[in-house]
Each structure stands twice: as C-alpha cells, then as structure tokens.
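As numbered in mature numbering (1 follows the signal peptide of the UniProt record, and there is no 0), residues -23 to -1, 1 to 260 make up the sequence shown, in order. All residues carry an ideal CB built from backbone N, CA and C; glycine is no exception.
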Amino acid sequence: PSQGGNVLFLVTNFIATAEQAQGTCPESPSVPAGMCTEDAECPTGEPVVHGNGIKTGKCVMFNTTHSTCEIYAWCPVENNTLSRKPLLAEAENVTLFIRNTVHFTKFNFSRCNTLQTSDPSYFKSCTYDPSLNPSCPIFRVRDMVEATGETFGDLALLGGCIRVRIEWDCDLDRSASQCQPQYSFSLQDRRYNFRTASYYWDSQRRLYRNLLKLYGIRFDISVHGQGFSGSWSRGLVFLQEVLLLTMLLCLSCLQATVVCDLVLLYLDAKADFYWKEKFEEVR
C-alpha cells in the first residue's frame, strides 16, 4: 500500500492468517476483554475491547486451557505468533536506487545526484560508499541501517523508520561537478508495521481473505540545500567598503573642522572677532 510521497517500505517480517471467512469463532485468549468463564460475561452484541469482533452471548473453549467469548468476526481470529528471527532476512542485500535533482532557479542551475557517465554498466555494479564511491545513487539496505548505528537483524524483526536526508550545499561559482549531495541516515522509530489483506471468492461464492501483518523498514527521504554565488558576496563586500570609506571621509571632515576651530579661536590674531561670530552670548 502507498505510504505517502518520498516514502519507501521494505518488508522484513510478517505474520500470516490464511483463509479467513466471516462467521463465528472463539476470541483470542491474548485479548483480556475476551476471556470468560460463563455466558453471562459475553453479552450479545457487545464489541470486544481491543479485540476482533462482536460477542454472540456464548462462552466457548478456545483450547484445552482457555475459554473465551464467541464472536462474530473474520474467522479464525488473527494469528499473533511472531517468529524470533526476521523471515525475510535476505532483504538486507536489497539495493535502493535514489534519484534526485535539485534546481536553483535564481541562478538557472540544475544538478542531478547520478554520475554523468557513458559506461552503461556503471549503475549495475556500483554501490554507494561515502569514501570510495560517493557519486553512486544505489544504496544497500544493510549499509543504510548500520549508518544509523543499528543492526539489520534487530531492526528487521519488528520494523522501524529511517530518515534519509540529502543535503546540497553548492558554491555556484565553482565547477558544476563540485556540487555534490551529502547523505545522512537517522533512526526515527524502532517499530513499524501495518496490516493488509487480499480478498477472493471460492467455488461456492463464499468470501475469504488472507490477512498479513507486515513488519519492515520505512525510508522517509527528504531533500534540503542551498546554492550561492560569490558574485553576490563580492558585491556585498564592495558595498561594505563604500560605506566604510564614506564613514572615514565624514570622520576626516569632522576632525578637520575641529582643528580649524582650535587655530582660529586660540592662535589667530583675530581670535576675538572669530569668537563673536562663532558663538552668541546669552544673557
């Protein structure tokens, strides 16, 4: 089933309940609200809290040790026995091809994370490695899990959620080949599962379903980045230099005015005349 945009789900474990049909059957003893010792504890029409169906009014034997309320539901009730090891352990060798293109429209610049190569076999043989092969967009699932600090076997049993962050930080004054994405992986959740079912009709036109509870790893992919041009920063530096020069000129003019005043007020022969013109006596 669809998990949303920029999301990929990889199944690593599952619980199957096959050939369910609508009818009556004992509730699972794993559901506390479904346990009983007599019919009075199973009121007709009452839903089983956190259970699988509607009570029929009967208390019946689930097995030799447990009695539960009979319910109207998809029967038999869902199997909840989970294997101790992931059933799809080989999924760790699955590879993901993540293609991403970034656009800096202000600078009319676009860049793709796939290596521009004339070798048609490159993408069939390469695997991403941050040191040895950073330009390959093909990622092995086991490597992605280990990059979060987890092991595939532990995470695959009950599932989990991994965030894949693609970061672009590009100096657009340099060669386009130097604009390369950086990848990071972080664990968002240690459990992830959901249910899905397939429905079919038998030869007597009776409706059946196969129910699957799927455990797996959900990959949430997000893209972030910035592009900048040195010409903008050089223009900013030039503007700062102009402002600084203007401030220095203004400061120089102020200093020149102060020096002239000192000479005329205290050293010039006509200092008395200048005092009268410079200041007005207030009485």
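- Sequence-distant Cβ neighbours of F(-10) in its own chain, meaning closer than 8 Å and more than five residues away, are L64, L65, L189, K190, L191, Y192.
- With a beta-carbon spacing of about 6 Å, A(-3) and R183 fall inside the 8 Å limit used to define contacts.
- When DSSP states are grouped into helix, strand and coil, N70 belongs to the helix group.
- For E4, no beta strand (DSSP E) segment is defined, and its DSSP state is neither H nor E.
- Going by beta carbons, F162 and T125 fall inside the 8 Å limit.
- If you check the CB distance, V71 and V118 come in under 8 Å.
- Cβ-Cβ separation between E15 and N187: approximately 35 Å, too far for a contact (criterion under 8 Å).
- K190 sits in a strand when the DSSP states are folded into three classes.
- Judged by DSSP secondary structure, S175 falls within the beta strand (DSSP E) whose first and last residues are 170 to 178.
- Contact holds between the region 81 to 91 and the region 144 to 151, because three or more Cβ pairs, one in each stretch, are under 8 Å apart.
- In the three-state reduction of the DSSP assignment, R119 falls in the helix class, which pools H, G and I.
- In the three-state DSSP reduction, Q93 falls in the coil class, being neither helix nor strand.
- Residue range 31 to 38 is occupied by the beta strand (DSSP E) that includes G34.
- In the DSSP annotation of this structure, the continuous segment of the beta strand (DSSP E) that includes F162 starts and ends at 158 to 166.
- Annotated three-state conformation of L109 is coil, per DSSP.
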